[in-house]
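The listed protein sequences derive, respectively, from chains A and B.
So for the first sequence, the working numbering puts the first residue at -14; every next one is plus one.
So for the second sequence, the working numbering puts the first residue at 166; every next one is plus one.
We treat Cβ as the ideally placed atom computed from N, Cα and C, and that holds for glycine.
Written out below as structure tokens is the structure these notes cover.
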Amino acid sequence: MPAQTTTAVAAIAEIPDGATIMVGGFGLVGAPLTLIDALVEQSTATNLTIISNNVGEAGRGLGLLLRQGRIKKAIASFFTSNPEAVEAAMSGALVYELIPQGTLAEAIRAGGAGIAGFYTPVGAGTELAEGREQREIDGVLCVLQPPITADVALVYATWGDGLGNLRYRRTAQNFNPAMASAAALTIAEVAEIGPVGSLEPESIHTPHLYVNRLVPSTIRLADLQGADA
Amino acid sequence: MSDARDVIAGRAARELQPGEIVNLGIGIPNRIPNFLDPATEVFLHTENGLLGVGPRPVAGEVDVELIDASKQPVTLTQGAAIFDSAASFAMIRGGHIDTVVLGALQVSEAGDIANWMVPGGKALGVGGAMDLVVGAKRVIVTMTALAPDGEPKLIPACTFPLTAAGVVKTIITEHAVFRFVEHQLVLTELLDGATEAVVAAETSARYRVELA
Chain A
-14 MPAQTTTAVA AIAEIPDGAT IMVGGFGLVG APLTLIDALV EQSTATNLTI
36 ISNNVGEAGR GLGLLLRQGR IKKAIASFFT SNPEAVEAAM SGALVYELIP
86 QGTLAEAIRA GGAGIAGFYT PVGAGTELAE GREQREIDGV LCVLQPPITA
136 DVALVYATWG DGLGNLRYRR TAQNFNPAMA SAAALTIAEV AEIGPVGSLE
186 PESIHTPHLY VNRLVPSTIR LADLQGADA
Chain B
166 MSDARDVIAG RAARELQPGE IVNLGIGIPN RIPNFLDPAT EVFLHTENGL
216 LGVGPRPVAG EVDVELIDAS KQPVTLTQGA AIFDSAASFA MIRGGHIDTV
266 VLGALQVSEA GDIANWMVPG GKALGVGGAM DLVVGAKRVI VTMTALAPDG
316 EPKLIPACTF PLTAAGVVKT IITEHAVFRF VEHQLVLTEL LDGATEAVVA
366 AETSARYRVE LA
């Protein structure tokens, strides 16, 4: 079914309490800023599990959602960029799971691809493997990583078409394609939504079958950073 | 006396071979491009999804959507390629990165590395550190010989949580180059006028000396 074009507020209203939400971006680059703003300002959904490389920055992006006390659990590779998230995790206020960045990306990819998990040498034998199944494969200690999926994925793409095909720009791609594939409901924030047929088929990074909602982007990273300067 | 970090970065730059695919960690490794011989064309990979990292942009030419893994703006080299995080780490984990150069809190005489966590510290993040040291064909550690508290960083066994065991190939400090030869730690070079006695005083790991 083609993606439905809607507003950020209407799309975010579909997120219930207790939802597990994947959020694209590496830091703020490639993060769906319009959708995050709507989630923070226009939604009351709480008890959320957030899967994202970082939990925003202090008071910015997902950091605002954390301040509101609406995140129950976070799965990420790097919390340090938001000292408030580190503090919440250390105090027990935030349940957290720390996963090596490549394992996180691959687990999400696996989730979208129907892979039931994989063994990786990354992290095996370290503190991060505690409580996980480990086994030696061809003489190398490996740790079992289950796939990661979500109820909702919030992703950002610079270009899209009316069907929901997406094309990312520069290093704003990062986690977005994998996350778009791994959620029951994928909401894509797009800067430039063109007519169907406006994207060269070979240039499409995320085919439209992964995308359920299309939301025009109104908050741009360049504007945010300009405001800070 | 030279700036210790520049001594380390300058020596590390000479480890890189033309044509290599290289991933540079934050801190001292980030200074390496300043010391690379222009004839030594290496291809810089950054784990957030770019092969072909160019110099930092000049003011007014920053593209906010083009950053490296330290979240700083970069430029693209001719022939650069961009991909998603899963593909980027498939390159790393799959053994397609020739060399990673990164910092460390501690390295042991068995080649174990600890560089992601200080117990009781204010950081909570591993990022791509574990992926990089396990996946890259060659792991070069660039670090000052002593920690800020004056303790040696090249030690018999790591006391901080490990990033990975037995993966380090080369260690470059401001005073020395060490290499692992058949799992044995070997001091192979003195830097910046240092003596064997200076290196011995700041190293608690056991090693043998084979200066070239």
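Residues of its chain near residue i, where Cβ-Cβ distance is below 7 Å and the 5 sequence neighbours each way are ignored
{"i": "Ala341(B)", "result": "Leu352, Glu354, Leu355, Leu356, Ala359 and Val364"}
{"i": "Pro1(A)", "result": "Ala30"}
{"i": "Ile204(A)", "result": "Leu18, Thr19 and Asp22"}
{"i": "Glu339(B)", "result": "Ala169, Val172, Ile173, Thr309, Ala310, Leu356 and Asp357"}
{"i": "Leu184(A)", "result": "Trp144, Asp146, Asn150 and Arg152"}
{"i": "Thr328(B)", "result": "Ile278, Ala279, Asn280, Trp281, Ala294, Met295 and Val298"}
{"i": "Val332(B)", "result": "Gly276, Ile278, Val298, Val299 and Val304"}
Distance, residue j Cα to residue i Cα
{"i": "Ile35(A)", "j": "Glu375(B)", "result": "52 Å"}
{"i": "Gln27(A)", "j": "Pro17(A)", "result": "15 Å"}
{"i": "Arg196(B)", "j": "Ser76(A)", "result": "36 Å"}
{"i": "Asp123(A)", "j": "Ala163(A)", "result": "29 Å"}
{"i": "Lys334(B)", "j": "Arg344(B)", "result": "6 Å"}
{"i": "Val14(A)", "j": "Leu231(B)", "result": "8 Å"}
{"i": "Ile56(A)", "j": "Phe200(B)", "result": "45 Å"}
{"i": "Ile193(B)", "j": "Asn39(A)", "result": "23 Å"}
{"i": "Ala245(B)", "j": "Glu174(A)", "result": "26 Å"}
{"i": "Asn256(A)", "j": "Gly10(A)", "result": "Residue 256(A) lies beyond the range of chain A shown here (-14 to 214); nothing can be said about it."}
{"i": "Gly97(A)", "j": "Gly3(A)", "result": "21 Å"}
{"i": "Gly12(A)", "j": "Ala114(A)", "result": "25 Å"}
{"i": "Gly179(A)", "j": "Thr(-10)(A)", "result": "12 Å"}
{"i": "Leu206(A)", "j": "Ala78(A)", "result": "30 Å"}
{"i": "Ala366(B)", "j": "Ile337(B)", "result": "16 Å"}
{"i": "Ala112(A)", "j": "Gly290(B)", "result": "According to the sequence provided, residue 112(A) is Glu. The question's Ala does not apply to it. If I take the Cα positions, the gap works out to 13 Å."}
{"i": "Ala330(B)", "j": "Pro106(A)", "result": "11 Å"}
{"i": "Asp233(B)", "j": "Arg154(A)", "result": "14 Å"}
{"i": "Gly259(B)", "j": "Gly190(B)", "result": "19 Å"}
{"i": "Pro283(B)", "j": "Pro326(B)", "result": "Correcting the residue type first, residue 283(B) is Val in the shown sequence and not Pro. Taking the straight line from one Cα to the other gives about 8 Å."}
{"i": "Asn32(A)", "j": "Lys58(A)", "result": "8 Å"}
{"i": "Ala255(B)", "j": "Val229(B)", "result": "25 Å"}
{"i": "Phe172(A)", "j": "Pro132(A)", "result": "Before going on, a small fix: residue 172(A) reads as Ile here, not Phe. Roughly 20 Å between the two C-alpha positions."}
{"i": "Ala178(B)", "j": "Thr211(B)", "result": "17 Å"}
{"i": "Phe248(B)", "j": "Thr156(A)", "result": "8 Å"}
{"i": "Gly286(B)", "j": "Gly41(A)", "result": "20 Å"}
Residues near residue i by beta carbon distance below 6 Å, same chain, minus five either side
{"i": "Glu82(A)", "result": "Ile60"}
{"i": "Asp213(A)", "result": "Confidence in Asp213(A) is poor, its pLDDT being 43 and thus under 50, which makes the residue's placement unreliable; the coordinate value appears in the next sentence. Cβ within range, chain order: n/a, list empty."}
{"i": "Thr368(B)", "result": "Pro317 and Leu319"}
{"i": "Asn159(A)", "result": "Phe11 and Gly15"}
{"i": "Val379(B)", "result": "One cannot answer for residue 379(B) here, as it falls past the ends of chain B, which runs 166 to 377."}
{"i": "Gln86(A)", "result": "Ser62"}
{"i": "Arg94(A)", "result": "Ala163"}
{"i": "Leu170(A)", "result": "Val137 and Asn197"}
{"i": "Glu175(B)", "result": "The identity of residue 175(B) in the sequence shown is Gly, whereas the question assumes Glu. The residues are Phe200."}
Own chain, CB closer than 8 Å to residue i, minus 5 neighbours either side, in chain order
{"i": "Arg371(B)", "result": "Glu274, Pro321 and Leu350"}
{"i": "Arg120(A)", "result": "Tyr104, Leu126, Cys127 and Leu129"}
{"i": "Val227(B)", "result": "Pro238"}
{"i": "Pro68(A)", "result": "Ala43"}
{"i": "Pro(-13)(A)", "result": "Gly147, Leu148, Gly149 and His193"}
{"i": "Glu206(B)", "result": "Pro183 and Gly184"}
Residue i, buried or exposed, once every other Cβ within 10 Å from all chains shown has been counted against 16
{"i": "Gln243(B)", "result": "exposed"}
{"i": "Arg117(A)", "result": "exposed"}
{"i": "His135(B)", "result": "Any question about residue 135(B) goes unanswered here, given that chain B covers just 166 to 377."}
{"i": "Ile(-3)(A)", "result": "buried"}
{"i": "Asn91(A)", "result": "Correcting the residue type first, residue 91(A) is Glu in the shown sequence and not Asn. Buried, by the Cβ-count rule."}
{"i": "Met7(A)", "result": "buried"}
{"i": "Arg373(B)", "result": "exposed"}
{"i": "Ile100(A)", "result": "exposed"}
{"i": "Asp314(B)", "result": "exposed"}
{"i": "Ser167(B)", "result": "exposed"}
{"i": "Thr324(B)", "result": "exposed"}
{"i": "Ala109(A)", "result": "buried"}
Closer than 8 Å to chain C by CB, residue i
{"i": "Pro132(A)", "result": "Here the protein chains are A and B, and chain C is not one of them."}
Take every Cβ of the region 204 to 224 of chain B, pair it with every Cβ of the region 44 to 51 of chain A, and state whether three or more of those distances are shorter than 8 Å. no
Positions along the region 156 to 176 of chain A whose CB lies within less than 8 Å of some CB in chain B: Thr156, Ala157, Gln158, Asn159, Phe160, Asn161, Pro162 and Ala163
Is it the case that the region 171 to 183 of chain B contacts the region 183 to 196 of chain A, given that we only count it when at least three CB pairs across the two stretches are under 8 Å? no
Is it true that the region 2 to 19 of chain A meets the region 141 to 150 of chain A, where meeting means three or more beta-carbon pairs spaced less than 8 Å apart? yes
Looking at chain B, which residues of the region 72 to 88 of chain A have a Cβ within less than 9 Å of any of its Cβ atoms? Glu72, Ala74, Met75, Tyr81, Leu83, Ile84, Pro85, Gln86, Gly87 and Thr88
Please name the residues in the region 245 to 271 of chain B whose beta-carbon is closer than 9 Å to at least one beta-carbon of chain A, in chain order. Ile247, Phe248, Asp249, Ser250, Ala251, Ala252, Ser253, Phe254, Ala255, Ile257 and Arg258
Identify each residue in the region 98 to 122 of chain A for which the Cβ-Cβ distance to at least one residue of chain B is less than 9 Å, and report them in chain order. Thr105, Pro106, Val107, Gly108, Ala109, Gly110, Thr111, Glu112 and Leu113
Check distances from the C-beta atoms of the region 48 to 73 of chain A to those of chain B and list, in chain order, the residues that come in under 9 Å. Ala61, Ser62, Phe63, Phe64, Thr65, Ser66, Pro68, Ala70, Val71 and Glu72
Within 8 Å of chain A by C-beta, residues of the region 286 to 305 of chain B in sequence order: Lys287, Ala288, Leu289, Gly290, Val291, Gly292, Gly293, Ala294, Met295, Asp296, Val299 and Gly300
Residues from the region 227 to 247 of chain B in contact with chain A, defined by Cβ distance under 9 Å: Val227, Asp228, Val229, Glu230, Leu231, Ile232, Asp233, Ala234, Lys236, Val239, Leu241 and Ile247
Given a limit of 9 Å on CB to CB distance, which residues of the region 194 to 226 of chain B reach chain A? Thr211, Glu212, Asn213, Gly214 and Leu215
So if I threshold CB-CB distances at 8 Å, which residues from the region 312 to 331 of chain B count as touching chain A? Pro326, Leu327, Thr328, Ala329 and Ala330
Got a sec: which bits of the region 181 to 201 of chain A sit with their beta carbon under 7 Å from any beta carbon on chain B, in order along the chain? none
The region 124 to 149 of chain A: positions lying closer than 7 Å to chain B by Cβ: none
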